[in-house]
Structures are given as structure tokens and as C-alpha cells.
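Numbering (the UniProt record's numbering), first residue to last: 1 to 488.
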């Protein structure tokens, strides 16, 4: 102390453990004052008691003394104990003053060491071997700390240290990227996101692969995922991923549920009744595709049950109304393909889940209804074929298995797990997505421009123009097919 203060005053500003002026003072519940480090060490060694009066005292009980006391402490005049200094300073600025001494000492040491030698190179400009050599002491200390405190995880210690250094310098963008890598997220996109980008931007596999390579080469980082990762992600999204069961089992349909994309011509000879099948067709099995569609709608179904105040453990039976659609897709000629000679027209058979209802008591409650039934987003493709929709034989040959599967499903119930509970589904099929042309085609009627103008009755153009009122349905599906066979 620079001034000779009264004994009682000196005692009040001194730590009762180390007898020095209080450094970072704390107050116990019994109102005694100590340096923070002194009291914490004392509690650790002696137990949770105050060293002055043995009153119980815990580290969590320690508080900072009142501000007026701290002001008195900070404004005390003290003399610097460093040799050849003897400067009078305020106690509050002693730490700052002392760090100035340390810097001067370090500078002297450095200048003494480097005198006459070449200038010291920056750490980052050194070779890896030289970096290892310079940091060997630090590495040893970090290793010792990691083994003692973090179970030997040196990588985590170094990364955290680097993270803190970046944050301290306000380098938050770089710190966020590092944190993402540490948490295993990385700066790359999830394969499912990449798949969505590829599909929504209409990129072929080769175009996507070209983009993936370019981005990786330019940025040096794998932001997009490789094609094989997309294919793995796709498996969980395509039909054939979810297990299910039919009761009773479907007639003439395999019980295997892991069926993905299959050949539309599977099992068919190369010619039917000496009629060559020059087409390429790919399809899903009807029941597998329906299961995939229902699993995609799982959240909407459960939300719909909540909205109708139904218990989410109800297992059905749910009635699912499915709209079937089939239409020609027009000209799909290749730019410069070299595949087999196939018609340059395509036909797509698809379905849409229109609504789902559940019998509750005496009434049927609708828990899902498709808001945009004509949207491409809810239209699930079932079969794609390179064929002309006017080519009845090819169309029939490819769609027959689908129709057989549909007929089998009408007499069975689907058992599918949804929300962790096995639920029962029944299907009602509505073939309302056919246009006039295809309608005539599948019913075996004459094409557009025929004398018979209606798909339901036998009215001719002349009759219809004279009689606008009295018509009755005279055609049936069975009759139409019979007539067609005779005509054929």
C-alpha cells in the first residue's frame, strides 16, 4: 500500500485466507470477505464451511460485495512491486499496469533470441513438418488436457478452440460452417433435397452429374450429392419400400411387397396373336403404388382424423376413393436416340386418391379430400408405355395385368401400418379420367367420326339431331366388348 492506512481498515480490505488485498472479492452468507480463488480452493480442500466462523458455505452461495465497497477497493493507492518500477497506481488499474510489464519482458526475450538470426516466418507459410515442429509443445499440452478433461478427444478440443477464436474475431460465417461440420451436417445438401432439385428442374441423370462435378470442382466442396446417394434416397420414396398385407390375399398377385419398377411387358411373348409388340413399357404393381400413395399422405390422414375429433388409434376400415386416368401423351420423339424402333407416342395410366372416409357410428366421416384433383402433384403415375393409344391390341396387352390387379383389390382389404397402428383400407375405383377417344377405344366402339356418336346409347348422328330429349342407356360394357370381338 502507498499510504499507511489504519489497522482495522487494512483488515477489512484483506482476504482472511491469504492476508493479501482482496483480488476479485466475494462475500459469503455469513458476510465474510475472501478472494474468489482462495475461498474456492479452501472449500475444495476443507469442505463447505466458512474458514472464519465455520458456518456452512457453498460455492453457489458466494456473491459480489456491494458496489460502494468495490469502488473503495479500486481507488486504493498501491505501489508497484516490480523491481525498478516503484510507481504509484490505483488498485483497479494494477492488472493493466502489470500486463504492460509482461509485454516488455516478452519483447526483450524475443529480441534477445532472434538477434542476428533471420526473421521468424509466419506459422501458415511453413511446411507441414516445420509447423509440427513449432507447435509440438502446444500439441503436448492440448493432448494432456484432452486426456485429463475430455476423454482423449483432441479433435473436439482443437475444433472448439478454433470455433471460439473465430467467434471472438466476429468470423461468424466461417464459425457456422465449422459448427455444421462438427455436428455432422456439413455444408452439403441432403440427398433427398438434391433429388427434389433434379426432378423439379427437369434434369436428366447425366445433366445432374455434370452439374454436380462442376460445382464440386469450382467450390472445392461437395454441396450436391452424387447420383448413387440420390438413388438410395429415391428407394424410400418410390413404391416397394413399405411392407403391407391383403386379407384375403390378392388372387393371382404375388405377396412380395418389395416390388419397384417392373417391365410392363413382363411375361408377354414378343407377339400376341401374330401381332408384334413393338413397345417399351414400365409400371408399378397397382397395390404397391396405392400403398406408397397412402404412406405419402400419412400426415394428412392423421391430421384429418384430429380435425374430425376422431381418436387417432381408430384402425378403420377406411374407404379410399381412387380416380383412374389414362390418356395419350402425344408425340415424344427422341432427339437423337439409337434405341429400338418404337412408336413415337406415349400413353400414361395414372391414379389420384380423391377422398378417404371412415365409418364412425352410423355415419361416414370424410377425413381427406383432394382439393386440386386435376393437379399434376396428386396424380400418381402407374404405367408409362411408348405406344399409340389407338393401338388397341398393345394397349390391352399392357393394361390387362393392371386391370386384373384392380379387380382383385375390389374384393380384399389392405392392412397397412400408419402412425404406428395397423389399419384397414378398402378401395373404390372410379374410371373417370378417360377422354372420349380412349373411352371408345376401350369399349370397342368405332372411333371419332363414326355414325354412332354416343358411348352410352345407339343414337346415330341423324337421330340425335332430330331427337334432343328421349334417349336411354342401351349399351353395356359386356355387350360392347362382345360386339368388338365379333367386329375384330
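Idealized CB from N, CA, C, for every residue including glycine.
State the start and end residues of the unbroken beta strand (DSSP E) segment that holds residue i.
{"i": "residue 73", "result": "Here residue 73 belongs to no beta strand (DSSP E); instead the alpha helix (DSSP H) covers 67 to 74."}
{"i": "residue 353", "result": "345 to 360"}
{"i": "residue 78", "result": "77 to 79"}
{"i": "residue 258", "result": "Per DSSP, residue 258 belongs to no beta strand (DSSP E) and is neither H nor E."}
{"i": "residue 90", "result": "88 to 90"}
{"i": "residue 247", "result": "245 to 247"}
{"i": "residue 229", "result": "No beta strand (DSSP E) contains residue 229, which is instead part of the alpha helix (DSSP H) from 227 to 237."}
{"i": "residue 370", "result": "Segment: none, residue 370 is in no beta strand (DSSP E) and carries neither H nor E."}
{"i": "residue 283", "result": "281 to 283"}
May I ask which residues mark the beginning and end of the alpha helix (DSSP H) holding residue i?
{"i": "residue 200", "result": "191 to 200"}
{"i": "residue 512", "result": "This structure cannot speak to residue 512, because the chain is shown only from 1 to 488."}
{"i": "residue 386", "result": "Careful: residue 386 lies outside any alpha helix (DSSP H) and carries neither H nor E."}
{"i": "residue 209", "result": "205 to 219"}
{"i": "residue 13", "result": "Neither: residue 13 is in no alpha helix (DSSP H) and is coded neither H nor E."}
Quick check: what's the CA-CA separation for residue i versus residue j?
{"i": "residue 433", "j": "residue 288", "result": "21 angstroms"}
{"i": "residue 96", "j": "residue 230", "result": "59 angstroms"}
{"i": "residue 476", "j": "residue 204", "result": "45 angstroms"}
{"i": "residue 264", "j": "residue 216", "result": "38 angstroms"}
{"i": "residue 479", "j": "residue 426", "result": "29 angstroms"}
{"i": "residue 319", "j": "residue 428", "result": "7 angstroms"}
{"i": "residue 22", "j": "residue 13", "result": "6 angstroms"}
{"i": "residue 491", "j": "residue 232", "result": "Residue 491 is absent from the model: the chain starts at 1 and stops at 488."}
{"i": "residue 418", "j": "residue 408", "result": "23 angstroms"}
{"i": "residue 200", "j": "residue 173", "result": "29 angstroms"}
{"i": "residue 368", "j": "residue 424", "result": "16 angstroms"}
{"i": "residue 330", "j": "residue 458", "result": "30 angstroms"}
{"i": "residue 300", "j": "residue 421", "result": "16 angstroms"}
{"i": "residue 383", "j": "residue 377", "result": "16 angstroms"}
{"i": "residue 9", "j": "residue 137", "result": "46 angstroms"}
{"i": "residue 154", "j": "residue 147", "result": "8 angstroms"}
{"i": "residue 449", "j": "residue 359", "result": "46 angstroms"}
{"i": "residue 349", "j": "residue 355", "result": "19 angstroms"}
{"i": "residue 89", "j": "residue 73", "result": "12 angstroms"}
{"i": "residue 482", "j": "residue 257", "result": "36 angstroms"}
{"i": "residue 403", "j": "residue 447", "result": "22 angstroms"}
{"i": "residue 151", "j": "residue 141", "result": "14 angstroms"}
{"i": "residue 499", "j": "residue 286", "result": "The first residue shown for the chain is 1 and the last is 488, placing residue 499 beyond what the model contains."}
{"i": "residue 303", "j": "residue 56", "result": "57 angstroms"}
{"i": "residue 228", "j": "residue 198", "result": "13 angstroms"}
{"i": "residue 212", "j": "residue 178", "result": "22 angstroms"}
Buried or exposed, going by whether 16 or more other CB atoms sit within 10 Å of the CB of residue i?
{"i": "residue 435", "result": "exposed"}
{"i": "residue 469", "result": "exposed"}
{"i": "residue 486", "result": "exposed"}
{"i": "residue 340", "result": "exposed"}
{"i": "residue 405", "result": "buried"}
{"i": "residue 239", "result": "buried"}
{"i": "residue 112", "result": "Note that residue 112 scores a pLDDT of 48, beneath 50, so its modelled location is shaky; the value from the coordinates is reported in the next line. It is exposed - the Cβ of residue 112 has fewer than 16 other Cβ atoms within 10 Å."}
{"i": "residue 194", "result": "buried"}
{"i": "residue 305", "result": "buried"}
{"i": "residue 25", "result": "buried"}
{"i": "residue 379", "result": "buried"}
{"i": "residue 391", "result": "buried"}
{"i": "residue 313", "result": "exposed"}
{"i": "residue 135", "result": "exposed"}
{"i": "residue 292", "result": "buried"}
{"i": "residue 347", "result": "buried"}
So which of the options has the shortest CA-CA distance to residue i?
{"i": "residue 71", "options": "84, 52 and 92", "result": "92"}
{"i": "residue 35", "options": "244, 122 and 59", "result": "59"}
{"i": "residue 278", "options": "226, 395, 47 and 208", "result": "395"}
{"i": "residue 248", "options": "7, 328, 284 and 415", "result": "415"}
{"i": "residue 332", "options": "296, 323, 386 and 380", "result": "386"}
{"i": "residue 236", "options": "296, 286, 16 and 366", "result": "296"}
{"i": "residue 345", "options": "356, 355, 373 and 389", "result": "389"}
{"i": "residue 325", "options": "304, 306, 352 and 377", "result": "352"}
{"i": "residue 411", "options": "391, 82, 252 and 482", "result": "252"}
{"i": "residue 374", "options": "360, 322 and 400", "result": "322"}
{"i": "residue 189", "options": "182, 171, 224 and 211", "result": "224"}
{"i": "residue 262", "options": "245, 280 and 250", "result": "280"}
{"i": "residue 401", "options": "157, 182, 283 and 431", "result": "283"}
{"i": "residue 54", "options": "68, 32 and 315", "result": "32"}
{"i": "residue 455", "options": "461, 1 and 445", "result": "445"}
{"i": "residue 16", "options": "50, 465 and 166", "result": "50"}
Taking only beta-carbon atoms, is residue i less than 7 angstroms away from chain D?
{"i": "residue 21", "result": "The structure shown contains no chain D, having only a single protein chain."}
Contiguous alpha helix (DSSP H) assignments of at least 4 residues, all confined to the UniProt DNA-binding region "NBD" (116 to 183): As far as the UniProt DNA-binding region "NBD" (116 to 183) is concerned, its whole alpha helix (DSSP H) runs of at least 4 residues are 128 to 134, 136 to 149, 154 to 168 and 172 to 182.
Would you list, in sequence order, the uninterrupted alpha helix (DSSP H) runs of no fewer than 4 residues that lie entirely inside the region 290 to 342? 298 to 307
Secondary structure, alpha helix (DSSP H): runs of 4+ residues fully inside the UniProt domain "RING-type" (15 to 53): 36 to 46
Length at least 4, wholly inside the region 404 to 478: the alpha helix (DSSP H) runs in chain order: 436 to 443 and 461 to 466
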